[in-house]
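Visitor: Residue numbers (my numbering): 414 to 1501.
1) Just to confirm the assignment, what range does the alpha helix (DSSP H) spanning residue 1341 have?
2) If you draw a straight line from the alpha carbon of residue 995 to that of residue 988, how long is it in whole angstroms?
3) Ends of the beta strand (DSSP E) at residue 502?
4) For residue 839, which beta-bridge partners are listed by DSSP?
5) Going by C-alpha to C-alpha distance, which of 1486, 718, 1231, 1164 sits closest to residue 1327?
6) Jot down the residue ranges of each uninterrupted beta strand (DSSP E) in the segment 972–1008, minimum 3 residues, whole runs only, in chain order.
7) Would you tell me roughly how many angstroms separate the C-alpha atoms of residue 714 and residue 600, rounded to the nearest one?
8) For residue 1195 and residue 1275, I'd like the C-alpha separation in whole angstroms.
9) Using the three-state DSSP reduction, which class does residue 1486 fall into: helix, strand or coil?
10) Buried or exposed: which applies to residue 1049, given that a residue is buried once 16 or more other Cβ atoms fall within 10 Å of its Cβ?
11) To the nearest angstrom, how far is it from the Cα of residue 496 to the Cα of residue 564?
12) In the DSSP assignment, find the unbroken beta strand (DSSP E) run with residue 1141 in it and report its ends.
13) Does the beta-carbon of residue 800 have 16 or more other beta-carbons within 10 angstroms, so that it is buried, or is it exposed?
14) To the nearest angstrom, how far is it from the Cα of residue 1262 to the Cα of residue 771?
15) In the DSSP output, what is residue 901 paired with across the bridge?
16) Distance check for residue 710 and residue 945, CA to CA, integer angstroms please.
17) Determine the extent of the alpha helix (DSSP H) in which residue 1255 is found, giving its start and end residues.
18) Please check if any C-beta of chain B sits within less than 7 Å of the C-beta of residue 1150.
19) Give the secondary structure of residue 414 by DSSP, where H, G and I count as helix, E and B as strand, and everything else as coil.
20) For a minimum of 3 consecutive residues, which ranges assigned as the beta strand (DSSP E) are wholly contained in the segment 1057–1130?
21) Under 7 Å Cβ to Cβ from residue 1480, same chain only, skipping five residues before and after it: list those, please.
22) Counting along the chain, where does the beta strand (DSSP E) carrying residue 1494 start and finish?
23) How would you label residue 1388, buried or exposed, when you count the other beta carbons within 10 angstroms and need 16 or more for buried?
24) Threshold first: 4 residues or longer. Then list the alpha helix (DSSP H) segments lying entirely within the segment 1342–1412, N to C.
25) From the DSSP output, read off the bridge partner residues of residue 786.
26) From residue 1233 to residue 1324, what does the alpha carbon distance come to, in whole angstroms?
27) In terms of alpha-carbon separation, which member of 1322, 1374, 1351 lies closest to residue 1338?
28) I'd like the list of long-range same chain contacts for residue 440, defined as Cβ closer than 7 Å, with 5 residues on each side in sequence excluded.
29) Could you tell me how far apart the beta carbons of residue 1096 and residue 641 are, in whole angstroms, since I believe they sit closer than 8 Å?
30) For residue 586, count neighbouring Cβ atoms within 10 angstroms of its own Cβ and tell me buried if that reaches 16, exposed if not.
31) What residues match up with residue 471 in a beta bridge as DSSP calls it?
32) Kindly list the residues whose CB is nearer than 6 Å to the CB of residue 1284, restricted to its own chain and excluding five residues on each side of it in sequence; keep chain order.
33) Which whole-angstrom value describes the C-beta separation of residue 745 and residue 779, a residue pair presumed to lie in contact below a C-beta threshold of 8 Å?
34) Could you pull the DSSP bridge partners for residue 1234 from this structure?
35) Considering residue 757, what are the terminal residues of the alpha helix (DSSP H) in which it resides?
36) Return yes when the Cβ of residue 823 is within less than 7 Å of the Cβ of residue 912, no when it is not.
Next comes the structure, spelled out in C-alpha cells:
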C-alpha cells in the first residue's frame, strides 16, 4: 500500500503560504523519504538507464538454460550477473549508459565475451552462441554496439557524446543539439507576444506543439520551471555525457509531457584520471554585419572558459567528476526596422511631449551576460548490490540590458536586468534486491531565484504589434521557485515479462512579484497616432494642429495630439477607502531606473502545489521477434482549495509493439498509441494572485471560476481620440482618468467629461482568472515506424507520427458583448465575408466607443482548457555511428500542424469569443519541411604528422518558412482589446515568412604530447555563408481590411498604396528580427 500522505498530498496548501510553512513541507518531505525507503513498492521511472536483454544458445540453436550472464562497465568496473531462464533468455535492467563487456558462461561450454555500448534509455538486445568445449574457459571477444533496437517501441534519437563534443554549437548551449532530431524546431507559439516569463534558454517545439508542453530531465530529475513552463538552467556542456530526444514514448514511466521529452545524463568519474582546460573566444571583428544593428552597434565580445576533471577516489568503488565554466559576454542589440527609421522622432516625442528621458544611443547599449556554471558528481558502490550517485550543479547569472521580447520590438527603456541563481542537488540509489528485482530511488532539491528588474520606470508606450518603450508588461519582476522531488522505480524480470511500477511526488512553491501595468500603459494604432502627427486631433477652435513641425518632417506633433486606443493602469494601494482609489501617481515615478520595492512587494503572491503520478508497465517478449509494451499511468496535480480542483481522472493507457522482422538488414517495425497528460499552465496562474486576477470576484453567472483575487487592481480607459489624448496628457502629469478636474473641451473646471472617465469606457481589467475545474492538457499520440540497417554501422528510421492536443490551455474575453453590428470585409485573395463588431451603439455612447458586456469590466480574460491542436508528420532519421573516423546524421521532417491558438499570449486571444472555429488555422509552429544534416570526420592517427588528427564537424539546416498573423494594429472590432485584431477575414498565420538556411562548421587540430595529453585548436563558423535569415516580420497591415479590394476601410483612405499587398504601412513585411549573421569562434583545449 502507498502511504496516505502520498495519495493525498498537501491538500491544505494556501496561496499566501501562511498556513503551511517551509518547515512543515520539509517535515512532510522527510516523512515521505522514510516511507519510501521502507517501502520498495513506491516507484517512479523517468528512465535514464538502459536495459540489456538477450538469449543464450548453443551452435545448433538450442537454448542453454541457467547460463550465467555478467555485464561489466569498462570504465568503472561496475558489474552485475544474472542467470538466464530455462528458455535461455535473460534481462538486466537499470544499467547506466556506457561501454560494457558482457560474458556468458555455462558448464561444458566455452565462455563468450562481447563488447557493447549502452545509451541513455536504451533497450538493447545481445545474444550469445556458446561452443561446446572443455571446462577450461574459451574467450571470444567481439566488439558490437546494437543499432536497431529490436524491442524499443518509442520514436526517439540519441544525441551521442561524439556529437556533443565534436559538432559546432552556438554559445555552447548543448540543448540545441535536440534540433538534430526530426519533428523538433525552435518554438514560435507566442507569435511575437511576450512570454509570460522570458528564460535565457532555447525554446523547443516538438511535433508543432506549444513550447510549454515538453519535459526536460537531467539525470532523471525534473528540470522544468513551473513559473515559466520551460527548462531551467542546465549543467555546463563538458559535464553532459549524452541525451535522448523522445518524440513519443509508449512506456507509462514518462509523465507530464504532452509533446516531447529530453532525457539528459551527466558524466561520472572513471578508473582513469581525465580532465580538460578550455577557452572559447569570440569578437565582432571576425563577424559579419547584422542587418538590424544600429549605427555603432556592431559589438560582440565573448569568453567562455573553464575546466573539468574526473577520476577515482577508490578504484572500482568511488569516483568523482567536476566541471566549472564561466562566461563573460557583451553584445549589441538589434532593433526592428521601424525603430531604426524612427528613433529620432521617438526621442523627440519622449523629451518634448512627455518629459521623459530620451532613449540612449541604440548602438551604445550592450546586452551583457556573465554566468558561472558549476557541476560536481560523486559515484559510490556499496558492496555488489548498491550504487549511489549524488550530483550538484549551480548556474549563476548576472545579465544586463536584456530584451524581454528578443525580437527587435523593444527599445532600451524596455530592457531588463536579470540576476538568477539556479541550483539542483540530486541523487540516486540503485539497489539489487535479488537477481530479478532492481530498485532505483531518486531525489532532488532544487531552487531557482530569478530577479528580472526593469531598467526604467517609464510608462509603457506601445505601437501595437510593432514596438514598445518603457516598462515591459509581460514579465514578472521576480520569482523564486523551490522544489522537492522524490522518484523511484522497481523492476522485476519474470521469464518473458519485465514489469515496472511506481510513482512520483514533486512539490513546488513559487513566489512571484508581477506588477503588470506599472506605471501605466498606452496602446497606439498607428505611427501617426503614436507621434501625434496624423491630424486626427486637429482642433480649429483651440488652434491645435496635429502635424509634424515644418522644420522636422516626420517628427511628433504637439502635446495633446497623441491618441492611444486604450490606456491601462494599475493601482496598488489597498488601504484607501474604498481600496484602490488613489487619485494620482507622482510623475517622478516615471523617471526612475527601476520599479520601486514597495510596488514589487504589493504585487506579490505565493503558490504551492504538487505534481504526482503512479504507473505500472509490462514489457512482454511474446516471441523472440515480437515485443509488446503496455502500461497505465495515473497523474494528478494538487492545488490550494481556492485555486483549482484536482483532476483525479487523468488516466493514460499506452501500448507499443516492436516486431523484429530480421533479415540481413535487421528490419524492425514499431507502432504505438497512447495518452499523455501534461501540466496546467502555471505561468498564468502565478500572475493571478499578484496582479492579473482582478479584485471584484468572479464574473456574474460563472460560479465555476476560482476564488483567487489579485493583490492589486487594473483599470482600462478607451474612448474617441480627443478623449484618450486628453486622458494620456493627464496621466502623464500624474492624474488618473477617473480623477481629472478639467474638461477636455473647455480646459476649465466646468463643462462635459469631468472626469474624463465618464466619457468613454472606464472599467476594471481581469488579465486572467482560471475556471476552478481547469483540465490538464493531454496528447493523443500514435505512430508507425520501420527501422533498418541498409549497410554496416548505419540505421534508417521512417516514422509516421500523429499528435492530437486536447484540453490545451489559454484564455478568452468572457466580457465581450453580443455583436452590435457586422462589417463586410475580405481575405487577401479578395473573397468577401462578414465580421462581427462590438462597438457601443452610437446612440448610447457616441462614435468610436468600444463595447463591453458588463460595465464593471473592460476586459475579463478567463483561462480554460478548450483549445486543441493536430500534427501529422513523416519523420526520416538516418544515423551512421562513428566508425572509421566518420559519422553522420540526416533528419528530415515533412509535417503539418493545425491549432486554434492554444497559448497564453495576448495576440492569440480569440477575436470572437463565441466562434472559436474562426481561430483554427495553420499553427505558428508549423514547419512544413525541415532538413538537418550533421557529420564529423577525423583524419587517422596513423597518417603523417602534418595531416593526422584533424577534425571537421558540420551542421546544415534547411527549413521551410514559418507563418505569422497579419494584424490590423488597432481595435478594429470595438471590443477594447487591440493586440489580436486580424485584417479582414484572413485566418491566423497567413503571412508566409522566408526559408531558413544555415551552415555551421567546426575545424580543429589535435596535437598529442603524451599518450593522454593533447592540445586542440578549434575554429567555428556559425551561418558560414552569411545567409540572411529573417526570424520575425512586421506584420501590422495598418487597415481593417485589404485596401486593394476595400479602399474605404478604416486605414485605407489616401490609397492606393504601392506597398506589399496594398498596405498603407510602408514597413509592412519588413524584418523585425533576424537570426545571427556569420559569426566566428576560436578555441583552445588542453586535454589530459
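C-beta atoms are modelled at their ideal positions from N, C-alpha and C, and glycine is treated no differently.
Guide: In this structure, then:
1) Counting along the chain, residue 1341 falls outside any alpha helix (DSSP H), and DSSP gives it neither H nor E.
2) The straight-line gap from Cα to Cα measures roughly 9 Å.
3) 502–508 is the span of the beta strand (DSSP E), which, as asked, contains residue 502.
4) DSSP lists 804, 857 as partners of residue 839.
5) For the set 1486, 718, 1231, 1164, the Cα lying nearest the Cα of residue 1327 is the one of 1231.
6) Listed in chain order, the beta strand (DSSP E) elements of length 3 or more contained wholly in the segment 972–1008 are 979–984.
7) Rounded to whole angstroms, residue 714 and residue 600 show a C-alpha spacing of 27 Å.
8) The alpha-carbon separation between residue 1195 and residue 1275 amounts to approximately 32 Å.
9) In the structure shown, residue 1486 falls within a strand segment according to DSSP collapsed to helix, strand and coil.
10) Buried, by the Cβ-count rule.
11) If you take the alpha carbons of residue 496 and residue 564, they lie about 20 Å apart.
12) First-last for residue 1141: 1134–1145, but that is the alpha helix (DSSP H), not the beta strand (DSSP E).
13) A buried status is given to residue 800, since no fewer than 16 other beta-carbon atoms sit within 10 Å of its beta-carbon.
14) When the Cα atoms are used, residue 1262 and residue 771 turn out to be separated by approximately 33 Å.
15) According to DSSP, residue 901 bridges with 854, 916.
16) If you draw a straight line from the Cα of residue 945 to the Cα of residue 710, it comes to about 29 Å.
17) In the DSSP assignment, residue 1255 falls within the alpha helix (DSSP H) that extends over 1255–1258.
18) Judged by its chain identifiers, the structure shown contains no chain B, having just a single protein chain.
19) With a pLDDT of 34 at residue 414, under the threshold of 50, the modelled position of this residue cannot be trusted, and the question is left open.
20) With a minimum length of 3 residues, the unbroken runs of beta strand (DSSP E) contained wholly in the segment 1057–1130 fall at 1063–1075, 1080–1090.
21) For residue 1480, where only same-chain residues beyond five positions count, the Cβ hits under 7 Å are 750, 751, 1447.
22) Residue 1494 -> beta strand (DSSP E) spans 1492–1500.
23) Buried, since its Cβ has 16 or more Cβ neighbours within 10 Å.
24) Listed in chain order, there is nothing to give.
25) The secondary-structure analysis by DSSP pairs residue 786 across a beta bridge with 738, 808.
26) Distance between the alpha carbons of residue 1233 and residue 1324 is about 14 Å.
27) Nearest C-alpha to residue 1338: 1374.
28) Confidence at residue 440 is low in this model, with a pLDDT of 46, below 50, so its placement is unreliable and the value that follows should be read with caution. Nothing listed; no residue qualifies.
29) Confirmed, about 6 Å.
30) Residue 586 counts as exposed, since fewer than 16 other C-beta atoms from the protein chains shown sit within 10 angstroms of its C-beta.
31) In DSSP, residue 471 forms a bridge with 543.
32) If we look at residue 1284 and ignore the five residues flanking it on each side, its Cβ neighbours are 620, 621, 1216, 1310.
33) Correct: roughly 6 Å between the Cβ atoms.
34) BP columns for residue 1234 point to 1250.
35) Taken as a continuous stretch (DSSP letters only), the alpha helix (DSSP H) holding residue 757 covers 750–765.
36) The beta carbons of residue 912 and residue 823 sit no closer together than 7 Å.
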